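Quick note, the sequences are listed as chains A and B, same order.
Residue numbering for the first sequence follows UniProt numbering, beginning at 1 and increasing consecutively.
Residue numbering for the second sequence follows UniProt numbering, beginning at 1 and increasing consecutively.
Ideal Cβ positions, reconstructed from N, Cα and C, are used throughout, including at glycine.
Since the model is a prediction, treat every value here as computed from it, not as a measurement.
There are 2 protein chains.
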Amino acid sequence: MSYKYAYNTRDIKFILKEWLPLDDVLSWDRYKDYYSKDDVDVLVDQVRKVAEEIVAPTADDADKIGARWEDGKVYLPPSFHGAIKFLQEQGWGASTFDFEAEGGIPLTIYFLLWEMLSAANPGMMSYVSNGGAVANVIYHYAQDYLKEMFLPDLYAGTWGGSMCLTEPSVGSDVGGLLTKAIPTDDPRIYKIKGQKIFITVGDRDDIDQVVHLVLARVEGAAPGTKGLSLFITPKLWVNEDGSLTPNDVQTAGIEHKLGLKGSATCQLVFGEENNCRGWLMGPAPDENGVGMGIVQMFNMMNEARLDTGRLALAVTANAYWNAKDYGKDRVQGNLLSNPKAGKVSINQHEDVKRMYLLNKATTEACRALLAKCYYYEDAREFAPTPEKRKWAQDKLDMLTPLCKAYPSDEAWGLIAESLQSYGGYGYCEDYPAANSARDCKIWSIWEGTNYIQALDLIGRKWMQKKGTLFAGILGEIDEFLAENKGKLPGLEQEMAHLEKALGAYRQTQMAIGKYVQSGKVGLMATYARRILTATAQLYCGYLLLDQAKIALARMEELGSDHYDYNFYLGKIFSTRYYLNNAVPNVWHTLELVQIGDTSCMEAPVEIFEY
Amino acid sequence: MSYKYAYNTRDIKFILKEWLPLDDVLSWDRYKDYYSKDDVDVLVDQVRKVAEEIVAPTADDADKIGARWEDGKVYLPPSFHGAIKFLQEQGWGASTFDFEAEGGIPLTIYFLLWEMLSAANPGMMSYVSNGGAVANVIYHYAQDYLKEMFLPDLYAGTWGGSMCLTEPSVGSDVGGLLTKAIPTDDPRIYKIKGQKIFITVGDRDDIDQVVHLVLARVEGAAPGTKGLSLFITPKLWVNEDGSLTPNDVQTAGIEHKLGLKGSATCQLVFGEENNCRGWLMGPAPDENGVGMGIVQMFNMMNEARLDTGRLALAVTANAYWNAKDYGKDRVQGNLLSNPKAGKVSINQHEDVKRMYLLNKATTEACRALLAKCYYYEDAREFAPTPEKRKWAQDKLDMLTPLCKAYPSDEAWGLIAESLQSYGGYGYCEDYPAANSARDCKIWSIWEGTNYIQALDLIGRKWMQKKGTLFAGILGEIDEFLAENKGKLPGLEQEMAHLEKALGAYRQTQMAIGKYVQSGKVGLMATYARRILTATAQLYCGYLLLDQAKIALARMEELGSDHYDYNFYLGKIFSTRYYLNNAVPNVWHTLELVQIGDTSCMEAPVEIFEY
């Protein structure tokens, strides 16, 4: 078996029990009678077990059998059926998003559990998650009769869901999409006509119904994104008596991908026989032809962006833990720093430790970033006051592009280092790293490419509410530095690097501002992706130091003989590595921005012939 | 067809006709009556045609059919047979290494032609090249009777070759290998017993004979690398009458790899029936048990290291040129810097241009580095004076680790950017980027991992001959700066960056020297790979500026209306991009080294459990 589940739960427990304000979460009305901090260990251990015993055994089928398309239908690897059903039935699927049911698990916890499941078979999890994501949009935006019609089955997982955005000619440029919605006699219902591609789990054979959320333009509505509306367009039309009949949605094929082969990436044709109907969600386009579609879609899209980062993190961390397991047993060579000690296991070589520490530090950084946002996702929905809900939404808005792009950008390089640490075996599919590398590459592309994320960050989020929201993110770091400077023994250099990086980052913002003002907006585009990375490194550097603060206290308390000491010590090493190796990139990026190389702006396309 | 050959020849012609001292090469005895500069265009165009029409059509079979292993035999994709034979017969194969034949093509030219062929089907080319590489070792080190026995068929390509080094328990730690050589009554012949893995094209069905060069230890010889000897161990024993009989070499299996699937990566068992014989190459181990094996093997290994860099470059450049072809036709979105101009092809977007320019600049940098070394390879063999041959060998020694590691490290990130530029299509195997990504990953591992290359550079090459040889490499940059400062209009900032990088690099050397002296050799290991990258960036920055100097003169001469102007203009853009975006990493690396993070040295392995 080439795929191996190697997830460790300790950091997840630390985040929930010692780092995030879980007491706050558990005091909210929705949760207070149902959950306590003591449940964390049980939940995490239970889901770890499910991930390993129920989900992970399907991972090889994902890659070797893959989703198949035959005669217009998608077939999952047979082993998926039972695993998906199990997850739904046990409450790890869409039912979490039934916000009106009692006893729902706190989202803060849920998404961290989901990370463990994702690592076990990343491609399969979309079959489990997409119904919930679709339900969530319907819950927030649809009319009551639509909620009644669709939510129960979506929550139960007996119906699936998909998000239909991309078309053959339109990906990043959403505003240009061509799918049409034609009014019918019933103002609630439109005829849908168009082609959608890259539709994740757009068809499946484990259940009959897939509820597609289709972004389309009502005839005559405004051009661009503002003219778009969202239509609940089920694969099977729901008749008044509840019976289901085909709705002229054809699956024209699936993609043959580098990885993530268990997840069917579908080409869908809506209304080829002019007989596809969709329910308009929310109001019709207004008198200016402006629809609600893009706003509604972004609700799902933002969830999907966090989900993307989580998938990337999960697969990267699993690759790393597999690599370090291999490194414990593989004996090879003498230590450069102590050649006389004889042959050692490779996990003792400095360069191998560097590859591990790079992975450990960066995955912990990503997990901290994402976990913080899970808390915000939870708070924007369930915090007791509107102010706090708004506060959480604002924080989430600022950090979402980082959550999507940073883990998915890093995954490629990190998994390559895990793979490298095996030597030649890493290149063989019998070992897990190759599969992880193939799986991860889509995440820098889908749900808005990482360049789109970078533009969202720099071109929108930086400026939103006159820059006050993003200034609040940087302000957290100011506060942390003010509170903790001189108080983290052994991490003085690391604190200094955080401070230096924060200053450099603000200068970077100013430099980009000046470029834009002087008409060199092309420089913003040129440096956007690098600045996004630097942003994540700055913010994650702060988060790791914030965690290290707790770790230092716990180490003091436990003493080095305690069985749990090494976890906290590891946290210190992650912090040291990250602040001394990744965070300097923040001011290095400033320097690149200041160089202000205009070659990408000025290069005529003809030179790329050579 | 997913694989597409998109190679452009212009930079190769530029390198040969305008940049490298080809006049010098063509004045050497071996070449002067046979070749002139006028032949370059014809040769390049001809091989480009062979690559596209004969080799590239086999690439899809490489990936989709792959090499198969059945009942102890390796079968190539059927289309390989004709293509391999064609290349051999037309003189693009092993016959180039017949240094005593008349009319041999200059190596300087040959290796650049080979780059084009490699891009067309990288996995297949090992079947063509390995026989030549084995012949080359035999030519330089073997006794005359062995030359007579093996060289003619190897040169003709009717026999293949392999290099047998790695064993299941031994990869990087060559000195630990276990294969034994047991003396027989004939002092020239030993019984060989052992297992070798990861043997590239170790078996094949297009020809019967494979001549294995097996690294083994004569019983009783010294431990470690110095006790090793090299044995010509053919798959079929060559009897005195020239007939061939099985030599107890079994192919126990092949690896299932991430990519490069056409190239059979074999597990070989020598002497399972105690009946495998090998010819000792050169003298037997001396009275101290010291053999010649590792020295001889390194002759082939160093060739293989350049070959690795060339393969990585070829696949990366082909992926880039495919991407830019796609980008010309794909219309998507409005320009950030000029939104009112309407929808544009994606190759006009700044971030896409950045991905292309990053690829263009870095592949041109790698090609310049490798091409310079092809010249040294040529000169060390055929330059008229021993002094010049020695000079070329020394240069080659210094630059070999860069040639192997830099292109193979960069390939992964560069191809990811080519892939990214397609959007979702990049992740689909119907487009060529995914295949290129899978193919390229082995090159950072085989022929000595890139960490081994980095240690070779920093731990050996820096110090060789008291540091004078490597100082000579840096001295080239001093000279270039002294000669050209203020003389490259428009590239003043770029020249300043080169100068700053050179200074920073020398400080990096001093910093590492101090760490080693103060017992912190672990810091050398920690930063080795990053310093290797910085070394390549420094040296390639110089090479690109050296090329830009020619380009500036040619642009002046031709004027912007000339059909060839854009090639030279592109060279300027490559130089600008590289010096403003890659070369600053040289001083950024210095800063990281100066931070001197000891976390990789100090981290106990226990922390990697989390």
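- prompt: Using the rule of at least 16 other Cβ atoms within 10 Å of the residue's Cβ for burial, across every protein chain shown, is A/SER418 buried or exposed?
  reply: buried
query: Is there at least one Cβ from chain A nearer than 9 Å to B/ASP38's Cβ?
result: no
query: According to a CB-to-CB cut-off of less than 9 Å, which residues of the segment 422-435 of chain B neighbour chain A?
result: TYR422, GLY423, GLY424, TYR425, GLY426, TYR427, CYS428, GLU429, ASP430, ALA433, ALA434, ASN435
message: When you compare the CB of B/GLU350 with every CB in chain A, is at least one pair closer than 9 Å?
response: yes
message: For A/VAL583 and A/LYS64, I'd like the C-alpha separation in whole angstroms.
response: 39 Å
Cβ of B/PRO122 within 9 Å of any chain A Cβ: no
- prompt: Between the C-alpha atoms of B/LYS146 and B/ALA51, what's the straight-line distance to the nearest angstrom?
  reply: One detail in the question is off: residue 146 of chain B reads as Leu in this sequence, not Lys. Spanning the two alpha carbons is a distance of roughly 34 Å.
query: Over what stretch of residues does the alpha helix (DSSP H) that includes B/MET124 continue unbroken?
result: Looking at the DSSP string, B/MET124 is not in any alpha helix (DSSP H), and its letter there is neither H nor E.
Rounded separation between B/LEU230 and B/TYR451 - CA only: 25 Å
message: Using 8 Å as the cut-off, can you tell me whether the segment 513-528 of chain A makes contact with the segment 485-498 of chain A, which would need three or more C-beta pairs spanning the two stretches below that distance?
response: no
task: Determine whether the Cβ of B/GLN547 lies closer than 9 Å to any Cβ atom of chain A.
output: no
message: Counting only Cβ-Cβ distances shorter than 8 Å, please list the residues of the segment 352-366 of chain B near chain A, keeping chain order.
response: LYS353, ARG354, TYR356, LEU357, LYS360
query: Would you call the segment 189-203 of chain B and the segment 278-285 of chain B in contact, with 3 or more CB pairs under 8 Å?
result: yes
field: CB contact below 9 Å: A/PHE573 versus chain B
entry: yes
query: What residues from the UniProt domain "Acyl-CoA oxidase/dehydrogenase middle" (162-270) of chain A come within 9 Å of chain B, judged by C-beta to C-beta, listed N to C?
result: THR166, SER169, VAL170, GLY171, SER172, ASP173, GLY175, GLY176, ILE197, PHE198, GLU255, HIS256, LYS257, LEU258, GLY259, LEU260, THR265
- request: Below 7 Å CB to CB, which residues in the same chain sit around A/LEU335 once its five sequence neighbours on both sides are set aside?
  value: ALA341, VAL344, GLN348, HIS349
- prompt: Helix, strand or coil: how does DSSP classify A/SER408 here?
  reply: helix
message: Which residue wins for smallest C-alpha separation from A/LYS196, given the options A/MET555, A/SER162, A/GLY227?
response: A/SER162
task: Using a Cβ-Cβ cut-off of less than 8 Å, give me the residues of the segment 10-35 of chain B that come near chain C, in sequence order.
output: The structure shown contains no chain C; the protein chains it does contain are A and B.
message: Considering Cα atoms alone, identify which of B/GLY522, B/SER599, B/GLU303, B/TYR505 is closest to B/PHE111.
response: B/GLU303
field: Limits of the alpha helix (DSSP H) - the one that B/CYS366 falls within
entry: 350-382
task: Under 8 Å Cβ to Cβ from A/ALA221, same chain only, skipping five residues before and after it: list those, please.
output: GLY227, LEU228, SER229, PRO285, GLY289, VAL290, GLY291
query: Using the beta-carbon of each residue, which ones in chain A are nearer than 7 Å to B/VAL315?
result: Those do not exist, as B/VAL315 stays about 14 Å from chain A at its closest Cβ, beyond 7 Å.
- prompt: The alpha helix (DSSP H) spanning B/GLY293 covers which residue range?
  reply: 293-329
message: Against A/LYS441, what residues of chain B qualify as contacts under a CB-to-CB distance less than 9 Å, listed in chain order?
response: ALA416, LEU419, GLN420, GLY426, TYR427, ALA434, ALA437
- prompt: Who are the neighbours of residue 613 of chain A on chain B, taking C-beta pairs under 7 Å?
  reply: The structure shown does not extend to residue 613 of chain A, since chain A spans only 1 to 610, so no value can be given for it.
- prompt: Quick one: which chain A residues come within Cβ less than 8 Å of B/PRO407?
  reply: Going along chain A, no residue has its Cβ under 8 Å from B/PRO407, so there is no contact; the nearest lies around 15 Å.
message: Ignoring anything shorter than 3 residues, give me the beta strand (DSSP E) runs that lie fully in the segment 64-105 of chain A, in order along the chain.
response: 68-70, 73-75
message: Tell me which residue opens and which closes the beta strand (DSSP E) that A/ASN338 is part of.
response: 338-345
- prompt: What first and last residue would you give for the beta strand (DSSP E) that runs through A/ILE15?
  reply: Per DSSP, A/ILE15 belongs to no beta strand (DSSP E) and is neither H nor E.
message: Can you tell me whether A/GLU447 is buried or exposed? The criterion is at least 16 other CB atoms within 10 Å of its CB, across all chains shown.
response: buried
query: What are the boundary residues of the alpha helix (DSSP H) that B/LYS49 is part of?
result: 39-50
query: By how many angstroms is the C-alpha of A/LEU370 removed from the C-alpha of B/LYS485?
result: 50 Å
message: Is there a C-beta anywhere in chain A that falls below 9 Å from the one on B/GLY513?
response: no
- prompt: Using a Cβ-Cβ cut-off of 6 Å (strictly less than) and excluding sequence neighbours within five positions of B/TYR319, which residues of its own chain qualify?
  reply: The sequence shown places Ala at residue 319 of chain B, not Tyr. Taken in chain order, the residues that qualify are ILE415, SER418, ALA433, SER436.
- prompt: Does the segment 420-431 of chain A touch the segment 360-369 of chain A, meaning 3 or more C-beta pairs lie closer than 8 Å?
  reply: no
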